[in-house]
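Some notes on the structure that comes next.
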Amino acid sequence: MTRPDLLCIGSVLWDVIGRSTAHMTQGSDRPGRITRLPGGVALNIAMAAKAYGMTPALLSVVGRDPAGEELVAALDHMGLVTRTLYRSDDLPTDVYMAVEGGNGLIAAIADAHSLEAVGDKILRPLQDELQGWEGPVALDGNLTADLLAQIAQDPRFAATDLRVAPASPGKAERLLPFLTHSSATLYVNLEEAGLLLHRAQTDAAEAAQALRARGLHRALVTDGPRLAACAHADGVEAHHPPDVMVTRVTGAGDTFMAAHIAAEREGAGPEAALRRAVDAAATYVSGDTY
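Take 1 as the starting number for the sequence shown in UniProt numbering and just add one per residue.
Here's what the structure looks like:
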């Protein structure tokens, strides 16, 4: 039986993405392409981590509807560990829908109602084959505020290498309980950092240091094509992304997080790991492979 080396807890669903190369605003109607791909924050992190040589296990919910059966089959084919998924007989498989233009994300809707409905049932593998887990955990903010607060206080995660992403600015404040967690690392963009700090931040380095000052163990803050930073107990690292043509946006932050986890697993220090993550995200948004 395949033994995972990373747990990815959160949304596992279908991404339906409409992309156009044209500049778009509210009400725009432009030609483009519409794709359906496996997605969700937890799954995006898992797929990227798999590409970097890791073996992620998924803790989430997927329905037993046709969409769910197709999704699990696709994940099995990728080599991800899916036996840890909670399979629901009566809840549909979740879905995310977004529209992207040449000027970035225009709008998105995340239908994660099934994930919210099952609550802590997705954590059941931690009582069975994953009991005593000591490896890294990637946690996404699509979980309910109550479940995230429960995890932040759960003794099973007290000393865990916990990596947390907010999923979207609208869900950033759900991560407030992790600001005082003894070993949590938050991966946020500049807007999300401002929401957690209740004031706008000038740049990623300032935001990362401010999060540390609030008690956070470690903070990684990105700002699109501008400076990215990592604040930790020994200081602050910062790195500017390379200039690239942006062809896609959805999943860039998840790729950043997975690349950073994989780099540290290989022994990279803070500066090298940040550079690896920034470069991986730039490669992703340019449309190239990992």
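For every residue, glycine included, the Cβ atom is placed at its ideal position computed from N, Cα and C. Since we're looking at a predicted model, the values are computed, not measured.
Check the C-beta distance from residue i over to residue j and give it rounded, since I have them as a contact under 8 Å.
i, j, result
"Val16", "Met97", "5 Å"
"Asp223", "Asn189", "6 Å"
"Leu75", "Pro38", "6 Å"
"Leu6", "Gly40", "Not a contact, Cβ separation roughly 15 Å."
"Val81", "Ser114", "With a Cβ gap of about 20 Å, Val81 and Ser114 do not count as contacting."
May I have the straight-line CA-CA distance separating residue i from residue j, to the nearest angstrom?
i, j, result
"Gln150", "Gly119", "10 Å"
"residue 300", "Gly53", "Nothing about residue 300 can be reported from this structure: the residues present for the chain run from 1 to 290 only."
"Phe157", "Thr185", "13 Å"
"Arg87", "Leu58", "12 Å"
"Val137", "Pro66", "29 Å"
"Leu162", "Ala282", "24 Å"
"Ile122", "Thr160", "18 Å"
"Arg174", "Leu148", "7 Å"
"residue 293", "His260", "Here the chain covers residues 1 to 290 and nothing more, so residue 293 does not appear."
"Glu192", "Leu179", "13 Å"
"Asp234", "Ala51", "30 Å"
"Ala258", "Ala48", "6 Å"
"Ala73", "Gln127", "25 Å"
"Thr25", "Thr35", "20 Å"
"Arg3", "Arg265", "16 Å"
"Tyr290", "Asp279", "Unreliable placement is indicated for Tyr290, whose pLDDT of 48 sits below 50; the coordinate value is still reported in the next sentence. When rounded, the distance between both Cα atoms is 10 Å."
"Ala207", "Pro166", "15 Å"
With a threshold of 8 Å on Cβ separation, who are the neighbours of residue i within its own chain once the five nearest residues in sequence on each side are excluded?
i, result
"Lys171", "Gly141, Asn142"
"His23", "Gly101, Gly102, Asn103"
"Ala108", "Tyr96, Met97, Ala98, Val99, Ser168, Thr250"
"Thr93", "Leu13, Trp14, Val62, Gly63, Asp65, Ala67, Gly68, Leu71, Ser114"
Go through its chain and collect everything with a Cβ distance to residue i's Cβ below 6 Å, but skip five positions before and after it.
i, result
"Ala110", "Tyr96"
"Ala263", "Ala273, Arg276"
"Glu19", "One point to set straight first is that residue 19 is Arg, not Glu, in the sequence displayed. Only Gly32, Arg33, Glu100 meet the Cβ criterion."
"His181", "Ala152"
"Cys8", "Ala42, Ile45, Ala46, Pro56, Leu58, Ala138"
"Thr144", "Glu116"
Which same chain residues end up closer than 7 Å to residue i when comparing Cβ atoms and leaving out the 5 residues on each side of it in sequence?
i, result
"Ser183", "Ala159, Thr160, Asp161, Leu162, His217"
"Arg64", "Arg87, Ser88, Asp89"
"Gly287", "Thr247, Arg248"
"His232", "Arg218, Pro270"
So does the region 197-204 actually touch the region 212-227, counting three or more Cβ pairs closer than 8 Å?
yes
Contact between the region 185-202 and the region 244-251 (3+ Cβ pairs under 8 Å):
As far as the Cβ criterion goes, the region 185-202 does not touch the region 244-251, which means the pair count is below three.
Taking 8 Å as the cut-off, does the region 252-266 touch the region 206-216 (at least 3 CB pairs, one atom from each stretch)?
no
Where in the region 131-207 do unbroken runs of the alpha helix (DSSP H), each at least 4 residues long, occur, reported from the N-terminal end onward?
145-153, 190-197
Taking the runs of the alpha helix (DSSP H) that are 4 residues or longer, which of them lie wholly in the region 23-104?
41-51, 66-78
Going residue by residue through the region 236-273, where are the continuous alpha helix (DSSP H) segments of at least 4 residues, counting only ones entirely within it?
252-265
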